[in-house]
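Here is the structure we will look at, set down as structure tokens.
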Amino acid sequence: MKGWAKLKKYVVADLSTEPPESFSLGNWEADGAARAENTPVIDALPHVPPLLDGEGNPLRLQDKLEENISWLKKHFSYPQNSGLIFHSISLGKHSRPVIVVYLDSLIEWQHLSRTVITPLLEADLPDESRLEISDMASSVFTNGQMESSCFMGDIANAIVIGSAVVIIDGVDSAGILDVEGMEKRALEAPKTENVVLGSQVGFTEDIRTNISLIRRRLSTPDLIVESGVIGSLSRTRISFAYLKSIANEELVNEVRRRIASIRIDYIGDSGMVEQLIEDHPNSIYPGILSTERPDRVAAQLADGFVGILVDNSPFALIVPAQFPLFLQTAEDSYLRWHYSTFLRIVRSVGFFMSLYLPSLYVAIANYHHEMIPTTLVLAIAGTRESVPLPVSAEAFLLESMFELIREAGVRIPSVIGPTIGIVGALILGQAAVQANIVSPIIVIVTSATALASYTIPNYNMQFTTRILRFVYLACASFLGLVGVILLSIMLWTYWMAGNRFGVPSLSPLAPRRPTRDTLIRAPLQKQVKRPISVHPKDMNKIPDEQNGNDSMESGPAKGGESS
Amino acid sequence: MNTHRIGVRETASIGIIFIIAKIFLPFQRSLAEIGGTAAWIIALIAAMLCPLTWWSIRGVLRHASGGSTLIEATEEIWGPWLGTIWNLVYFTFFFTITFLVLREFSELLASDILPRTPMNIIMIAMLIPIAVVAYAGLEAIGRFCWSAAGLIVASVVIVLMGGLMTHFEPDALLPFWGTGRSQVLSLGLVKSSLFSEMLVFGFLLPRLRKTSQWPKAAWWCMSVSAFTIFITTFVYLFVFPYPTAIRLNVPMFELSRLVIFGRWIQRLESVFLISWLICAVVKLAIGLYCSAATLSQMMKLPKVQPVIFPLALLVYACSILPGSEMEAVLWDGQYLRTYGSLVSIGIPMLTWLLGMIKSKLKGQQT
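Listed in order, the protein sequences are those of chains S and D.
Residues in the first sequence are numbered consecutively from 551, following my numbering.
Residues in the second sequence are numbered consecutively from 17, following my numbering.
Set out below in structure tokens:
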């Protein structure tokens, strides 16, 4: 019966009248409004669930210190689980027992000593009989920021994320102080999105650093950063950022809803989050833009997009991402419009060359010789005279070899990486030509394709072209140009049909929306509107001085509903 | 039903491609056969009559409940029995267009582009993207049509200009009335079915966001497609004199073979193949979608998609019914392009009239 359930959808027509669960931003779909009403609105991102006692109530801190210590020891499997420290201190004149609990690998010793241990040892409390932990924030722990909680769940969670917990005998709540001190990577230039002009700072693995990098670029109270935790085991911190007065509320709600609906045990990187929240997991085309550049994120936030940051990941996600975004870089805005337009045209040509060049060569050489001028076709025929393989086999062979070199180049130690590049690209190619296995022209075609693929600024989009290139090659081998065109029609229509976070994948190209920032980047003075495809609350990018809406303090004041 | 909205540009593009795809078939030759050197006058008269289809479709949709397609409106006005019969006629029309054009294009590819590939393989290879595109729905077709429309129109313009620059005869359009004035004029009326594909607006118009956008989309479509059909016939007759014009298998293909822009830019027929094939696949996908939509609306199915693949198989089966390419062209010319206007103008006109009468009677009763 299980097999039948799988087979059923291919045999019996699905005539269900339920609306699809797709999200539509703005008014792409007629029943979008009705669907938006039915979609539950989630107020906040998920946090660590509380620990419950036998009756289902949140587990509270006990009055007696010994009971709390023994609970914590049991909860953390102490001493089997190494690293948990119980630091005993006597507080005040009456030597009241106090315990400071923390995980030694997650804290910074000097910070702990300065903000917790020394203040506790030197504390001079006037009335020790009526001690309240919340009062100690202003009298004892003045060097750090303290929160208090009476729930064991909060306390246990605070310990595992690098806080020190102060529990005092006879006091019904504990103090939680942030003394986190893990080793962090310093700010470095981005590894995959280098630019010539512009900031040379990329994100790091620390989410707080990454948020600060964005906040530095958008110094406005409008910048909202909502945070939560995902992954039942990893409890990875996740945040998403948007500008309150610009980002569409429906979009923000949808991002929040999708993050909140993640059900997984471990999140290792933003790439996993990307796969869990994207619209079409089976699509070969990326639907979310990942970037390691804070300036790119800030620029997109200013246009009404939403940025997602995940702890332990140097890549932020930008949603919704449409095709033109994948061929743009942060540098485009920093260059004069002529230069950036030229670069965008080069990248677009690179994208199409990367997809189609080998298949077009195979199609023309195999099926449509008449397209090639006579002298050139004679030259090609001359080079292929001694090659025993058909053109398509040559192309497959060299493309596969290039993929091997590319993957090897990423995996091998960096010391011998360049050597392998030279060995693979030059020696193998030269040797293959001399051995009459491939013709020189296919080496040129493969090299040009490889160069073209590197002009695509987005790593995920590079994968798309790398994989589809082989599919196009197969079609060109069987049906020539006809095969390439037929497959293109199918793939492009499929791509156009889909929405990414409620926005058509190829917007603003198809469906066409007026914009001055796609292939041709207009001068900055003329880019007065934000992209309509994300339906920002405020369309005006440059403040409308006629309406007196040029205040810098309030940010974009002219808010409104999405059209 | 799928209620995705489309814009004016997308609507007009769908209409344009659905109508003008026939310029890549032996359509100009068929006109030359019946009209001689005055074939262009037939195309002109047919173009002048195409607003009739638009007005009648608009009339039908206005007399039905809001958001109804042509199929739903016809059933609403005529009642379930008669409405279903008319709708069956619509279905037959769309279905016949689809399988005949599939056969004609496959024959064209098999004879001129891929001579060593079996025709069945070509037909199946075309049918797969056609079914996939139709399955994606009208919204996706509209987006694709809008993206491809520029390429198609540009390629047509280049072929026409290139053809004219290479060779043309000033006296080629003489005698003015070709095979005779009365025949040319009467055939102009009959061949108004060249624009029968305007019926697709019966599905497109309800998808537009506002009723006020209807005329804009329709007039754009009619203007561009009428001009394209007229100009391709006109230029074809200019470039190829009458005795040659009635013998060429695929006029636009032959025209593109003439294009020579210097030593390096010549023999470009394979380049133009890109736009032709896009045009053909999109036209067939629209035809298949309209057939499926008609059928599903007649059967009151909530979705179009379940009908697409079974219908695609039927299209394949029917497309091998004509014994040869010439037989398929003959069916197209003798049946589809002769009686097509009865379906595209006659039935909607009748329905519109009945709708008006019913509305008036209703008004008198209330």
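Glycine included, every Cβ here is placed at the ideal spot set by N, Cα and C.
This one's a predicted model, so the numbers in the text were calculated from it and none came from an experiment.
Item                                                                                                                         : Value
As assigned by DSSP and simplified to three states, the class of Ala-308 of chain D                                          : helix
Chain D within 8 Å of Tyr-1115 of chain S, Cβ atoms only                                                                     : Because chain S here runs from 551 to 1113, residue 1115 of chain S falls outside it and cannot be looked at.
Residue-chain proximity (Ala-580 of chain S, chain D), Cβ-Cβ < 8 Å                                                           : Legend: pLDDT at Ala-580 of chain S = 46, less than 50; position of this residue unreliable, no value from coordinates given.
Integer Cβ distance of Trp-162 of chain D from Ser-29 of chain D, believed to fall under 8 Å                                 : 4 Å
Range covered by the beta strand (DSSP E) that runs through Asp-845 of chain S                                               : No beta strand (DSSP E) contains Asp-845 of chain S, which is instead part of the alpha helix (DSSP H) from 844-852.
Per-residue contacts from Ala-261 of chain D into chain S (C-beta, under 9 Å)                                                : In chain order: nothing, as chain S lies at least about 24 Å away.
Gly-1109 of chain S - DSSP class collapsed to helix/strand/coil                                                              : Any reading at Gly-1109 of chain S is ruled out, since the residue's pLDDT is 40, under 50, leaving its predicted position unreliable.
Top-ranked residue by Cα proximity to Thr-249 of chain D, from D:Gly-278, D:Leu-180, D:Val-287 and D:Lys-316                 : D:Leu-180
Nearest residue (CA-CA) to Trp-355 of chain D, options D:Thr-114, D:Ser-212 and D:Ile-336                                    : The sequence shown places Tyr at residue 355 of chain D, not Trp. Checking every option, the nearest Cα to that of Tyr-355 of chain D belongs to D:Ser-212.
Delimiting residues of the alpha helix (DSSP H) encompassing Ser-1027 of chain S                                             : 1009-1047
Residues that Val-7 of chain D contacts on chain S, provided the C-beta gap is smaller than 8 Å                              : A question about residue 7 of chain D goes unanswered here, because the residues of chain D that appear run from 17 up to 382.
Which of helix, strand or coil DSSP assigns to Ala-54 of chain D                                                             : helix
Residue burial classification, Phe-192 of chain D (beta-carbon count within 10 angstroms, cutoff 16)                         : exposed
Residue-chain proximity (Ala-309 of chain D, chain S), Cβ-Cβ < 8 Å                                                           : no
Limits of the unbroken beta strand (DSSP E) element including Tyr-906 of chain S                                             : First-last for Tyr-906 of chain S: 887-917, but that is the alpha helix (DSSP H), not the beta strand (DSSP E).
CB of Asn-798 of chain S within 8 Å of CB of Pro-1086 of chain S, strictly                                                   : yes
8 Å Cβ cutoff, Tyr-1044 of chain S in contact with chain D                                                                   : yes
Span of the beta strand (DSSP E) around Phe-701 of chain S                                                                   : That residue, Phe-701 of chain S, is in no beta strand (DSSP E); it is neither H nor E in DSSP.
Chain D within 8 Å of Ala-583 of chain S, Cβ atoms only                                                                      : Note on Ala-583 of chain S: pLDDT 49, under 50, position unreliable in the model; the coordinate value appears next. For Ala-583 of chain S, the answer is no, since every Cβ of chain D falls outside 8 Å of its Cβ.
Distance CB(Val-359 of chain D)-CB(Val-105 of chain D) smaller than 8 Å                                                      : yes
Asn-798 of chain S (DSSP reduced to helix, strand or coil)                                                                   : coil
Start and end residues, beta strand (DSSP E) containing Tyr-792 of chain S                                                   : 786-793
Segments assigned alpha helix (DSSP H), at least 4 residues, entirely inside the segment 741-779 of chain S                  : 757-767
Spatial distance of Ile-817 of chain S from Ser-784 of chain S (CA atoms)                                                    : 6 Å
Interface flag, Met-372 of chain D vs chain S, CB-CB below 8 Å                                                               : no
Given Val-76 of chain D as reference, the closest of D:Thr-382, D:Glu-185, D:Ile-363 and D:Ala-37 once Cα atoms are compared : D:Ile-363
CB of Trp-347 of chain D within 8 Å of CB of Phe-40 of chain D, strictly                                                     : no
Per-residue contacts from Gly-1030 of chain S into chain D (C-beta, under 8 Å)                                               : Ile-129 and Leu-130
Three-way DSSP call (helix, strand, coil) for Phe-250 of chain D in this model                                               : helix
Simplified DSSP assignment, three categories, for Met-372 of chain D                                                         : helix
Inter-residue spacing [alpha-carbon to alpha-carbon] between Asp-829 of chain S and Leu-859 of chain S                       : 18 Å
Per-residue DSSP class, three states only, for Gly-356 of chain D                                                            : helix
Three-state secondary structure assigned by DSSP to Arg-25 of chain D                                                        : helix
Asn-136 of chain D - DSSP class collapsed to helix/strand/coil                                                               : helix
Within 8 Å of chain S by C-beta, residues of the segment 253-280 of chain D in sequence order                                : Arg-279 and Trp-280
Start-to-end residues for the beta strand (DSSP E) that takes in Ser-950 of chain S                                          : Element bounds for Ser-950 of chain S: not the beta strand (DSSP E) but the alpha helix (DSSP H), 941-961.
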